[in-house]
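First residue of the sequence shown? That's -7 in our numbering, and the numbers climb one at a time after it.
Note that the Cβ used here is the ideal one computed from N, Cα and C, for glycine as well.
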Amino acid sequence: MLASVMPWGAMSNYYVYVYIDPRNFEEFYYGKGKGSRKHAHLNDDSDSEKSRRIKAIKKEGLEPIIRVIARNLSGHDALLVEKTLLWKLGKQLTNISSGHYADNFRPHDSLHKYLSGFDFQNGLYYYNVGEGPHRNWDDYVSHGFISAGQAPRFRDAMLGLQAGDFVAAYLKRHGFVGVGQITQSARPVRDVLVGGIPLLQKELVCPNISENSNDLDKSEYVALVDWISTVPRNEAKWKPKNGLFTSQLVRASLDGQPETVKYLEQEFAVDFAELLA
């Protein structure tokens, strides 16, 4: 039995509209809808910024200028057009710009810096070494890897690192101890080879890394790293009360941490913009 086909008109009856302030001809709200949706805001009695502006316009004996700027759209296309316009004018608007497609658009006030996923494919990440029964910084340096695991949330943090990403390794109560580039994305420790030899056959300071290696939810996950610069834990780079970024998370983006990035560049003699280009 053939599925029924939705008529073209039913699929393409959305539009995108704009509200313009007649006092200064400033665009202050974009929306999408169909039918009489574009007029619905005129009777909005909420305390939103949009509603306050409409009330201020009416108090002057005027009405907002309402214009349709794109028509005959599907709901999907109308949403994308609306989101693009919201991004373009940004904080000038009274819309609350979030929700669908938010992650597809560059954050505002970020044109002065390179962002992973927008200006280059790979990212720059804070990585928490998390020394303990299953991991040791000396092993990481000697054999060129980092790891996390023993629970799904830590495994998933490692799986978020891709080959080509850069990491700044942080050791709790010490400071930053190294900068490197991921050369192989994370795998269960039992599947990792270093120089053609299984990692678990290497002489390790922390052999407990093998614990739970047959349980893919609890196994340690290992990503191989080409270390650009490392220091021993007793020479870790740190500056107290200087606003440097740290987190209990295994992995966190450093896109929004310019002071920390600058500090890492100085201390480890690297230029991340050049490395990521």
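Buried versus exposed call for residue i [16 or more other C-beta atoms within 10 Å across all chains shown]
i	result
Gly187	exposed
Asn35	exposed
Tyr11	buried
Ile275	Shown here, the chain extends from -7 to 269; a query on residue 275 therefore has no answer.
Phe17	exposed
Glu251	exposed
His68	exposed
Leu153	buried
Val60	exposed
Leu256	buried
Pro56	buried
Arg15	exposed
Whole-Å CB distance - residue i paired with residue j, under 8 Å assumed
i	j	result
Gly167	Ala244	Incorrect: roughly 16 Å between the Cβ atoms, too far for contact.
Gly156	Gln173	7 Å
Leu216	Phe137	5 Å
Ser28	Asp37	That pair is no contact at about 18 Å.
Phe126	Ile201	The displayed chain sequence assigns His, not Phe, to residue 126. About 5 Å separates the two Cβ atoms, so the contact holds.
Gly141	Lys210	7 Å
Bridge partners - residue i, DSSP secondary structure assignment
i	result
Tyr118	Ala160, Ala244
Lys229	Phe168
Ala9	Here the sequence assigns Tyr to residue 9, which means Ala is not the residue at that position. Partner(s): Gly23, Val60.
Pro190	Leu185
Tyr213	Ala140, Pro180
Glu18	Asp13
Thr222	Gly170
Gly124	Arg127
Leu236	The partner list for Leu236 (beta bridge, DSSP) is empty, contrary to what the question assumes.
Leu65	Tyr6
Residue i versus residue j - alpha carbon distance
i	j	result
Glu259	Val253	10 Å
Ser139	Asn5	52 Å
Lys51	Lys75	30 Å
Leu208	Pro180	7 Å
Pro(-1)	Ile220	Unreliable placement is indicated for Pro(-1), whose pLDDT of 43 sits below 50; the coordinate value is still reported in the next sentence. So the two alpha carbons sit approximately 59 Å from each other.
Thr238	Ala143	21 Å
Leu267	Val8	41 Å
Phe131	Arg165	Going by the sequence as given, residue 131 is Asp instead of Phe. Their Cα atoms are separated by approximately 19 Å.
Ser205	Pro224	28 Å
Phe146	Ala178	11 Å
Leu71	Leu65	9 Å
Gln249	Lys26	42 Å
Asn87	Lys233	Here Asn87 scores only 49 on pLDDT, less than 50, and its place in the model is too uncertain to base an answer on.
Lys47	Ile58	15 Å
Pro199	Asn128	9 Å
Val133	Asp218	9 Å
Beta-carbon proximity of residue i to residue j, cut-off 9 Å
i	j	result
Leu191	Val184	yes
Leu78	Glu123	no
Asp247	Gly115	yes
Val159	Tyr117	yes
Thr222	Val262	no
Ala161	Tyr119	yes
His33	Tyr22	no
Val73	Val121	no
His135	Lys231	no
Residue i Cβ short of 8 Å to the ligand SAM heavy atom set
i	result
Asp183	With respect to small molecules bound, the structure shown includes none, and the ligand SAM cannot be examined in it.
Within-9 Å CB hit, residue i to chain C
i	result
Leu246	No chain C appears in the structure shown, which is made up of a single protein chain.
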